[in-house]
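Visitor:
Residue numbers (the working numbering): 4 to 523.
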């Protein structure tokens with residue numbers, strides 16, 4: 004790869020190209036680590052070489068601008084190499100949840116019609132099963148059969164720098180699929196401008212830079228939280244510490260944070276809770292973390308208090324949004340985290356928000372409404388789904404489905420998901436409000452509240468708990484007594500169900516759809 008400046012390199016550096024960022028780091032910090040996996044590091048110069056070799060490999064397989072490249076991979080460096088290579092030739096990367104069934108993957112494959120699909124030994128048969136149910140027949144590449152991290156595995160050599168695609172800001176970069184907990188998943192399309200803008204902003208927020216910055220990628224890379232973190236590392240020149248996808252092990256995660264001097268990490272609240280359990284027992288000595296961010300699910304005030312105590316030198320930052328907003332649309336900085344505990348913050352610099360009622364009228368201070376978004380961080384559309392796109396953008400703003408309120412200083416507080424709100428006897432009951440109080444119950448480890456149909460009231464709240472002592476769980480009367488005058492009586496659960504564990508998605512989100520089915 005030539006280091007001589009060219010007009011093409013100049014144009015690339017002026018564009019919203021993540022490949023341009025990669026080439027810059029390969030030139031300026033060639034010997035620093037770009038990716039670390041299982042104790043082995045890949046330098047920026049080697050990483051850039053591998054990406055351009057993979058880009059040429061994709062071209063040789065017939066992948067062109069606008070074509071889709073799907074990956075059914077666990078967390079491993081090849082995921083990042085293929086993503087960057089697709090960007091270099093203007094293709095669209097499609098990360099697929101490897102925990103889905105063959106039929107679920109078949110639905111996604113049929114929808115996006117990829118030219119190539121990357122697998123590994125643990126997902127290969129799953130992909131084969133999926134392709135048996137599809138009309139789309141992409142070429143399969145098994146990352147465990149071909150060593151894609153060794154340059155000699157690419158006989159055609161690297162893509163010429165002059166052949167790197169200079170993207171239009173509105174070209175598609177990635178299709179990330181929603182969880183599909185209420186039906187078939189929808190493919191949120193994020194443009195080059197969207198990914199680039201979010202990556203640069205996140206890098207600045209999380210201190211992701213070439214000055215000893217290390218971002219830990221613990222959640223699955225197919226999820227927006229980890230995917231966005233990987234792009235933030237790339238934008239800032241920080242090392243991306245890729246944690247293998249083998250189920251979350253808090254002991255190992257904390258060990259990795261210490262031994263790799265992790266400076267920034269995003270995890271869902273449940274994962275941070277498990278990390279705090281260990282720190283409270285063993286102490287925080289050896290931690291270098293300066294930015295600990297959470298999102299993907301609500302965090303209770305109890306957990307945020309624990310995080311602040313366990314990591315006193317870290318900025319505990321809320322990042323609130325969803326796949327369709329590239330993860331972060333609202334953020335709470337450290338300076339306000341204790342003063343405004345429970346808030347998810349204010350809109351990020353690249354995001355405009357409104358809080359509206361069902362008729363798109365703005366609600367007042369401390370009134371509950373749906374938060375809607377505009378800005379470069381918002382997806383362009385749902386892939387091949389104009390009906391869902393029109394519904395999501397009605398009134399010209401993206402509708403999140405999140406119910407929030409905003410205080411007199413402009414700080415936003417999540418009240419509930421619109422679909423999770425319970426209407427009981429004409430009164431709105433917000434599950435998150437009940438959960439936030441019950442999380443402090445000394446005999447409750449975890450709690451989730453859902454609605455159950457009721458002939459008299461329409462719906463009533465049911466508390467689903469994991470008790471501290473499975474042999475002696477609290478009773479419904481115990482729970483109602485604990486709530487006491489903390490919440491109005493009509494908000495008190497009418498039923499209590501005890502679970503060994505609460506059902507969760509691959510990202511650790513509680514599956515309320517499953518809970519609703521179990522309480523009916």
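Each residue gets a CB set at the ideal place from its N, CA and C atoms; glycine is no exception.
For residue 259, does the count of other Cβ atoms within 10 angstroms reach 16, so buried, or fall short, so exposed?
Guide: buried
Visitor: So residue 389 is in the alpha helix (DSSP H); what residue range does that whole segment cover?
Guide: 389 to 395
Visitor: Are there three or more Cβ pairs, one per stretch, closer than 8 Å when the region 355 to 373 is compared with the region 145 to 162?
Guide: no
Visitor: Just to confirm the assignment, what range does the beta strand (DSSP E) spanning residue 180 have?
Guide: Element bounds for residue 180: 175 to 180.
Visitor: Looking at the structure shown, is residue 24 part of a helix, part of a strand, or coil, going by DSSP?
Guide: helix
Visitor: Grouping DSSP H, G and I as helix and E and B as strand, with all else coil, what is residue 519?
Guide: Correct three-state label for residue 519: helix.
Visitor: So, for residue 185: in the same chain, excluding its five sequence neighbours on each side, which residues have a beta-carbon less than 8 Å away from its beta-carbon?
Guide: With a pLDDT of 45 at residue 185, under the threshold of 50, the predicted position of this residue should be treated as unreliable, though the coordinate-derived value follows. Closer than 8 Å at the Cβ level, and outside the excluded window around residue 185, lie 422 and 516.
Visitor: Rounded to whole angstroms, what's the CA-CA distance from residue 126 to residue 80? Just pull it up for me.
Guide: 16 Å
Visitor: Could you give the DSSP three-state label for residue 500: helix, strand or coil?
Guide: It is a strand residue.
Visitor: Determine, using beta-carbon pairs with one atom in the region 481 to 500 and one in the region 427 to 446, whether at least three such pairs fall under 8 Å.
Guide: Touching, per the Cβ criterion.
Visitor: Along the beta strand (DSSP E) that carries residue 424, what are the first and last residues, could you check?
Guide: First-last for residue 424: undefined, no H or E at that position.
Visitor: Throw me the rounded Cβ distance for the residue 324 and residue 312 pair, which I believe falls under 8 Å.
Guide: About 26 Å; that fails the 8 Å criterion.
Visitor: With DSSP as the reference, label residue 110 as helix, strand or coil.
Guide: helix
Visitor: If you check the beta carbons only, do residue 414 and residue 224 fall under 7 Å apart?
Guide: no
Visitor: Quick check on DSSP: helix, strand or coil for residue 331?
Guide: coil
Visitor: Please confirm if the region 26 to 40 is in contact with the region 48 to 64, defined as three or more CB-CB distances below 8 Å between the two stretches.
Guide: yes
Visitor: Is the beta carbon of residue 257 sitting closer than 7 Å to the one on residue 278?
Guide: yes
Visitor: Do you know whose CA, among 169, 25 and 155, lies nearest residue 237's CA?
Guide: 25
Visitor: Suppose you measure from the CA of residue 240 to the CA of residue 385; what does that come to, to the nearest Å?
Guide: 31 Å
Visitor: Going straight from the alpha carbon of residue 192 to that of residue 176, what length do you get?
Guide: Answer to the nearest angstrom: the Cα atoms are 7 Å apart.
Visitor: Should residue 471 and residue 448 be called a contact, given that it needs their Cβ atoms to be closer than 7 Å?
Guide: yes
Visitor: Expressed to the nearest angstrom, what Euclidean distance is found between the alpha-carbon atoms of residue 91 and residue 200?
Guide: Rounded to the nearest angstrom, the two C-alpha atoms are 17 Å apart.
Visitor: Looking only at its chain, what residues have a beta carbon closer than 8 Å to the beta carbon of residue 207, apart from the 5 residues adjacent to it on each side?
Guide: Within the same chain, residue 207 has close Cβ partners 239.
Visitor: Once the 5 residues before and after residue 388 are set aside, which same chain residues still bring their CB inside 7 Å of it?
Guide: 189
Visitor: Would you mind working out which of 501, 198, 438 and 290 sits nearest residue 469, comparing C-alpha positions?
Guide: 501
Visitor: Out of 438, 222 and 454, point me to the one whose CA is closest to residue 424's CA.
Guide: 454
Visitor: Taking the alpha-carbon of residue 250 as reference, which of 40, 77 and 426 has the nearest alpha-carbon?
Guide: 77
Visitor: DSSP three-state call for residue 318: helix, strand or coil?
Guide: strand
Visitor: Measuring straight from C-alpha to C-alpha, what distance separates residue 148 and residue 53?
Guide: 17 Å
Visitor: Find out if the Cβ-Cβ distance for the pair residue 36, residue 242 is shorter than 7 Å.
Guide: Yes; because the gap between Cβ atoms is below 7 Å, this pair is in contact.
Visitor: Would you mind working out which of 263, 217, 198 and 219 sits nearest residue 231, comparing C-alpha positions?
Guide: Closest by C-alpha distance to residue 231, out of 263, 217, 198 and 219, is 198.
Visitor: What does the alpha-carbon distance come out to for the pair residue 336 and residue 202?
Guide: Using only the alpha carbons, I get a separation of about 17 Å.
Visitor: In whole angstroms, give me the CA-to-CA distance for residue 420 and residue 407.
Guide: Taking the CA atoms as reference points, residue 420 sits about 9 Å from residue 407.
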